[in-house]
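Counting in the working numbering, the sequence shown runs from 42 upward without gaps. Here is the structure we will look at, set down as structure tokens.
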Amino acid sequence: MKFVIAQMKHETHTFISETTSLSQFNAMGGGESLEGGAAIAASRGRNSALAAFIDMIEAAGFDFEVPFAGEAMPSGPVADDAFEWMCERIVGAVAKGCDAVLLDLHGSMATGRFADGEGELLGRIRKVAPDLPIGVALDFHCTLTDEIIDHASVITIYRTVPHVDMYETGERAAKTLLNIIQQKISPIMVARRIPLMASLEKMRPTESPMKDVMDLIRELEAGSNNILNASQSGGHPFTDVFPGGMAVVIIAKDNPEVAQEAAERVLKVAWEKRNDFVEPVEPYLKTLEWAKNLPGHPVIMADSGDIAASGGFAADMTVLKEAMRLGFEDLVAGPIHDPVSIRQMVAAGVGSEVTLDIGGKTSAPRLNYTGDPLRVSGRIRAIVDGRFKATGPMLRGLSVSIGLMAVLSTETMDILLTEQRVEALDVAIFTHVGIDPRERKYILLKSRQHFRAAFEPIAAHLVQIAGPGVTNPDFSTFPFKHIERPVFPLEKDTGYRLAKLGKVKH
Ligand SMILES: [Zn+2]
Numbered sequence: 042m043k044f045v046i047a048q049m050k051h052e053t054h055t056f057i058s059e060t061t062s063l064s065q066f067n068a069m070g071g072g073e074s075l076e077g078g079a080a081i082a083a084s085r086g087r088n089s090a091l092a093a094f095i096d097m098i099e100a101a102g103f104d105f106e107v108p109f110a111g112e113a114m115p116s117g118p119v120a121d122d123a124f125e126w127m128c129e130r131i132v133g134a135v136a137k138g139c140d141a142v143l144l145d146l147h148g149s150m151a152t153g154r155f156a157d158g159e160g161e162l163l164g165r166i167r168k169v170a171p172d173l174p175i176g177v178a179l180d181f182h183c184t185l186t187d188e189i190i191d192h193a194s195v196i197t198i199y200r201t202v203p204h205v206d207m208y209e210t211g212e213r214a215a216k217t218l219l220n221i222i223q224q225k226i227s228p229i230m231v232a233r234r235i236p237l238m239a240s241l242e243k244m245r246p247t248e249s250p251m252k253d254v255m256d257l258i259r260e261l262e263a264g265s266n267n268i269l270n271a272s273q274s275g276g277h278p279f280t281d282v283f284p285g286g287m288a289v290v291i292i293a294k295d296n297p298e299v300a301q302e303a304a305e306r307v308l309k310v311a312w313e314k315r316n317d318f319v320e321p322v323e324p325y326l327k328t329l330e331w332a333k334n335l336p337g338h339p340v341i342m343a344d345s346g347d348i349a350a351s352g353g354f355a356a357d358m359t360v361l362k363e364a365m366r367l368g369f370e371d372l373v374a375g376p377i378h379d380p381v382s383i384r385q386m387v388a389a390g391v392g393s394e395v396t397l398d399i400g401g402k403t404s405a406p407r408l409n410y411t412g413d414p415l416r417v418s419g420r421i422r423a424i425v426d427g428r429f430k431a432t433g434p435m436l437r438g439l440s441v442s443i444g445l446m447a448v449l450s451t452e453t454m455d456i457l458l459t460e461q462r463v464e465a466l467d468v469a470i471f472t473h474v475g476i477d478p479r480e481r482k483y484i485l486l487k488s489r490q491h492f493r494a495a496f497e498p499i500a501a502h503l504v505q506i507a508g509p510g511v512t513n514p515d516f517s518t519f520p521f522k523h524i525e526r527p528v529f530p531l532e533k534d535t536g537y538r539l540a541k542l543g544k545v546k547h
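Structural data, given as structure tokens:
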């Protein structure tokens with residue numbers, strides 16, 4: 042028995058013009074080979090569906106091949122040549138002959154040519170292997186399409202935000218797929234969707250309203266012998282791809298009605314709470330003024346306007362500019378993506394006094410967004426090679442490699458700059474440059490949800506700030522063209538519409 046196991050992960054921000062190249066499918070990973078033994082070695086101990094697939098297939102004593110394993114930071118559409126190369130590797134390995142496929146995908150990947158990258162990959166696999174069992178693990182922010190549902194045999198989706206259950210999601214997919222292959226079961230997969238675009242701020246399954254939905258999902262999978270897998274997709278607003286919205290996938294042992302009823306039950310709960318899925322947007326200045334007076338430390342402020350792990354540039358300087366104007370002291374800000382300033386800092390050397398135009402060198406014409414750099418004079422406190430081991434719950438075990446990191450210090454603050462575009466997902470991003478966030482009064486980073494896994498345990502307060510930029514939470518600023526309309530809350534009077542996903546499935 043032979044498996045093909047692969048990873049091809051990218052969350053596409055379709056409103057950004059810059060394409061994502063093949064070399065970017067190595068998020069924070071240090072430029073190593075992305076296939077075969079090197080990919081297997083790099084996955085060991087990682088919190089990823091890929092790592093779970095490898096562990097489980099090895100434990101079951103089956104052969105496997107990893108023709109490609111790559112993950113890029115969220116960004117603009119994947120370049121067509123990169124997509125073709127990755128597909129060729131994966132489909133080519135399947136065409137050589139195998140008994141099953143396990144794929145670690147995102148579900149919101151768009152390319153220059155294909156709006157639904159995952160659906161296209163799965164369709165190509167189906168062409169060379171029409172009856173092959175295909176198990177897929179997807180991100181909670183996936184955009185489910187007819188093609189993904191029709192071509193996959195088993196789909197499981199993360200149940201956590203921040204995503205700390207990537208490994209478990211892989212285990213759930215592999216377990217069901219192994220049962221299919223060993224001919225213990227021949228299950229039925231049903232998927233339904235509703236026209237609800239939840240705020241990303243409201244997608245944490247540990248808090249209502251998402252908790253109410255996720256509790257039911259967990260209950261369905263744990264409770265009934267007839268339901269093998271229950272998964273929910275929160276959707277992803279920055280991927281403007283048809284149909285969009287929230288969806289549920291249920292895999293039942295044999296009875297399609299059981300799965301249909303379960304899917305409808307979950308989505309009804311979500312729809313009834315639709316108003317609670319909308320985060321009111323507070324002006325960032327008001328939030329900043331409030332945060333400044335909070336007692337204790339550190340006060341960790343997360344600006345959601347321009348975040349790397351949602352496809353942002355990590356370079357908008359507006360909120361930091363205002364924090365300086367308001368007189369914040371003992372502030373750490375960053376990471377700011379700015380290779381140009383880093384080059385200037387390297388030329389000047391550690392200890393030098395410099396004046397830099399930090400960040401703000403980016404634009405997104407489709408969103409009428411143009412960055413504005415922040416001029417700061419200060420001393421270069423550190424320049425270090427950004428290679429370190431992540432220790433937090435999300436990136437645990439990952440050998441991070443993000444190019445050079447540098448710190449510019451003034452009397453009131455330290456600004457962390459990075460050569461590569463990254464999000465503060467791990468406390469080590471600060472400690473690696475000699476800044477201990479636990480000892481500082483204010484930390485201003487760019488994130489929405491994912492920073493919480495590592496930073497909540499050390500924070501006196503967590504404050505979400507809706508700054509400007511390409512990942513800001515105000516949906517009315519995005520010119521959606523492809524998602525199905527009407528959709529709540531873009532059209533407030535949208536009625537309940539339960540739609541089927543999959544042209545050939547139940
Ligand atoms: Zn996600």
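Every residue, glycine too, gets a C-beta built ideally from N, C-alpha and C.
- Taking a C-beta distance under 8 Å as the contact criterion, D253 and K314 qualify as a contact pair.
- Contact between the region 398-414 and the region 364-384 is established, with three or more Cβ pairs separated by less than 8 Å.
- Across the set N409, F124 and S272, the C-alpha of S272 shows the shortest separation from the C-alpha of T184.
- Per DSSP, the unbroken alpha helix (DSSP H) holding H192 starts and ends at D187 to H192.
- Beta-carbon to beta-carbon, G427 and F354 are separated by about 18 Å, too far to satisfy the 8 Å threshold.
- Listed by position in the chain, the residues whose beta carbon lies within less than 6 Å of some heavy atom of ligand 1 are D180, F181, H182 and H204.
- Counting along the chain, G176 sits inside the beta strand (DSSP E) bounded by residues I175 to L179.
- Residue pairing by DSSP places H491 opposite no residue, since no beta bridge is assigned to it.
- In summary, W331 is exposed, with fewer than 16 beta-carbon neighbours lying within 10 Å of its beta-carbon over all protein chains present.
- For V545, there is no enclosing beta strand (DSSP E), as DSSP marks it with neither H nor E.
- Unbroken alpha helix (DSSP H) stretches of 4 residues or longer found wholly inside the region 129-184: 158-169, given in chain order.
- Per DSSP, reduced to three states, the secondary structure at I229 is strand.
- In the structure shown, K309 adopts helical secondary structure according to DSSP, grouped into three states.
- In the structure shown, M365 adopts helical secondary structure according to DSSP, grouped into three states.
- Residues of the same chain with a CB within less than 6 Å of the CB of I456, apart from the 5 flanking positions on each side, are A374, G375 and L449 in chain order.
- With 16 or more other CB atoms across the displayed protein chains lying within 10 angstroms of its CB, K487 is buried.
- Boundaries of the alpha helix (DSSP H) around T328: Y325 to K333.
- With contacts defined by Cβ atoms closer than 8 Å, A141 and I198 do not form a contacting pair.
- Cβ-Cβ distances below 7 Å link L361 to A374, L415 and L485 in the same chain, with the five nearest sequence neighbours on each side left out; the list follows chain order.
- Checking the DSSP bridge columns, you'll see D455 partnered with V373 and S450.
- The continuous stretches of alpha helix (DSSP H) do not include R428, which lies in the beta strand (DSSP E) extending over residues L415 to K430.
- Counting along the chain, the unbroken alpha helix (DSSP H) around D256 starts and ends at M251 to G264.
- Note: T53 is bridge-paired with S116 in the DSSP secondary-structure output.
- Apart from sequence neighbours up to five positions away, the residues of its chain that approach I268 with a beta-carbon distance below 8 Å are L261, E262, I291, I292, A293, K294, V299, A300 and A303, ordered along the chain.
- Shown here for G433: same chain residues with a beta carbon closer than 8 Å to its own, the five before and five after excluded, namely L466, D467, V468, A469, A494 and A495 in chain order.
- The region 115-124 makes contact with the region 52-62, as at least three CB pairs between them are under 8 Å.
- Per DSSP, L91 lies in no beta strand (DSSP E) segment; the continuous alpha helix (DSSP H) that holds it begins and ends at A90 to A100.
- The Cβ atoms of L458 and A447 sit closer than 8 Å to each other.
- For S274, DSSP records a beta bridge to A288.
- At a Cβ-Cβ threshold of 8 Å, V528 and P174 do not count as neighbours.
- Apart from sequence neighbours up to five positions away, the residues of its chain that approach A178 with a beta-carbon distance below 6 Å are A90, D145, T197, T210, G211 and A214, ordered along the chain.
- Residues V441, A469 and H473 of the same chain have their beta carbon placed closer than 7 Å to that of F429, with the five preceding and five following residues left out of the count.
- Between the beta-carbon of L241 and that of A193 there is about 25 Å, and that puts the pair past the 8 Å contact cut.
- According to DSSP, residue pairing for D344 in a beta bridge involves K487 and I506.
- Residue pairing by DSSP places L397 opposite V417 in a beta bridge.
- Here DSSP, grouped into helix, strand and coil, assigns V107 to coil.
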